[in-house]
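By the working numbering, the letter at position 202 of the sequence shown is numbered 195, and the numbering carries on one by one without gaps. Glycine is no exception: its CB is placed at the ideal position from the N, C-alpha and C atoms. None of these values were measured; they are calculated from a predicted model. Scroll down for the structure; my scribbles are underneath it.
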Amino acid sequence: MSAWDVTPPEAMAAAKGQEHDMRSSIPESSDDRFPVKAQASGRPRSVPDIMGPQNLLRPGPFPEAVPVTDIKTEKEEMQEKQHPGGKVEQVLSDGRTIVTFPNGTRKEISADKKNVLIRFFNGDVKKIKPDQKVVYYYADAQTTHITYPDGMEIVQFPNNQTEKFYPDGSKETVFPDGTVTWLKNGCEKTVFPDGTTVNVKRNGDKTIMFSNGQKEIHTARFKRREFLDGTVRTVYCSGCQETKYASGRVKVKDESGNIILDWK
């Protein structure tokens, strides 16, 4: 008995006897298993003691370590070139080229050189597509300007107004309320949502076709209104007014509104 052993010899003998009785009471061929808490070792008999002394030094099937050479950072996959003036050119592993200018402008070119994206220092963005379509976004005005290879241009405003400029010099404007205006060869045509159409000639003469079928003509000499019943009313630049009825009656008033002719 060691000087450090505080367990009485009788208690130790009794404990060994109880352990022998417990082991002998379990048949070797029995399929029954005690609950985990009932096992002397604190776990099921069917589970090997991997923490036992016989297994502590046994090498296990550890996963293979990843070679350091297989781990590549983005910097290792990028070629960088410094240009005079502070411009930096970077070529990535996927073939893209990124050019950063001293003022903060950043230009990105795809590997096939067909897509170009430029982010300017002031927030503007310019995109060049493979079909040579150019999309420019003005950050301050929140306006997009699109230029097509055939020369057509489209300007989109933040209020949903759109302007189209065609190669022949004509212009089309679509307003937020649905009104559409065309300008071509000095002439203007406007179509309103209710169907009213206004045509303006180069000399300024204007023809208005109302949605109800009435027609109005404005010239430098007069304004004329044609009603559905055949009545035609003309107001001249002098202020005189002439009304012709479908029945053939003609009424004329002077600039003061006095009737000077009423021919029936």
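May I ask which residues mark the beginning and end of the beta strand (DSSP E) holding residue i?
i             : result
histidine 138 : 136 to 140
glutamate 248 : Run containing glutamate 248: none; DSSP gives neither H nor E here.
glutamine 149 : 146 to 149
threonine 220 : One detail in the question is off: residue 220 reads as phenylalanine in this sequence, not threonine. From DSSP, phenylalanine 220 is part of no beta strand (DSSP E); its letter is neither H nor E.
threonine 90  : 90 to 93
glutamine 154 : Per DSSP, glutamine 154 belongs to no beta strand (DSSP E) and is neither H nor E.
threonine 200 : 199 to 202
Assign residue i to one of three DSSP states: helix, strand, or coil.
i                 : result
cysteine 180      : strand
asparagine 108    : coil
leucine 254       : strand
glutamine 125     : coil
methionine 71     : coil
lysine 194        : coil
phenylalanine 215 : strand
lysine 208        : strand
tyrosine 159      : coil
arginine 242      : coil
lysine 80         : coil
threonine 189     : coil
threonine 174     : strand
threonine 98      : coil
leucine 49        : Interpretation of leucine 49 is limited by its pLDDT of 37, a score under 50 that renders its predicted location unreliable; the figure taken from the coordinates is listed afterwards. Note: leucine 49 maps to helix in three-state DSSP.
proline 37        : Because proline 37 carries a pLDDT of 39, less than 50, the predicted location of this residue cannot be relied on, and no value is offered for it.
From residue i to residue j, what distance separates their C-alpha atoms?
i                 : j                 : result
lysine 107        : lysine 126        : 11 Å
alanine 239       : arginine 226      : 11 Å
isoleucine 121    : arginine 217      : 52 Å
threonine 183     : threonine 174     : 4 Å
valine 191        : histidine 211     : 11 Å
tryptophan 256    : glutamate 209     : 24 Å
leucine 254       : threonine 224     : 17 Å
aspartate 213     : glutamine 207     : According to the sequence as given, residue 213 is alanine; it is not aspartate. The alpha-carbon atoms of alanine 213 and glutamine 207 are separated by roughly 20 Å.
leucine 221       : asparagine 205    : 9 Å
glutamate 181     : phenylalanine 203 : 16 Å
threonine 140     : tyrosine 129      : 8 Å
glycine 241       : lysine 177        : 40 Å
glycine 162       : glycine 179       : 10 Å
serine 103        : threonine 137     : 22 Å
glutamate 69      : glycine 88        : Confidence at glutamate 69 is low in this model, with a pLDDT of 44, below 50, so the placement of that residue should be treated as unreliable; the coordinate-derived value is given next. Approximately 14 Å, taken between the alpha carbons.
valine 109        : aspartate 187     : 44 Å
phenylalanine 185 : glycine 171       : 7 Å
serine 231        : valine 148        : 44 Å
glycine 197       : proline 123       : 44 Å
proline 169       : isoleucine 252    : 46 Å
Please say whether residue j and residue i have beta carbons closer to each other than 8 Å?
i             : j              : result
glutamine 135 : proline 160    : no
valine 81     : glutamine 72   : no
valine 84     : threonine 93   : no
glycine 79    : proline 95     : yes
lysine 164    : methionine 145 : no
valine 243    : glutamine 234  : no
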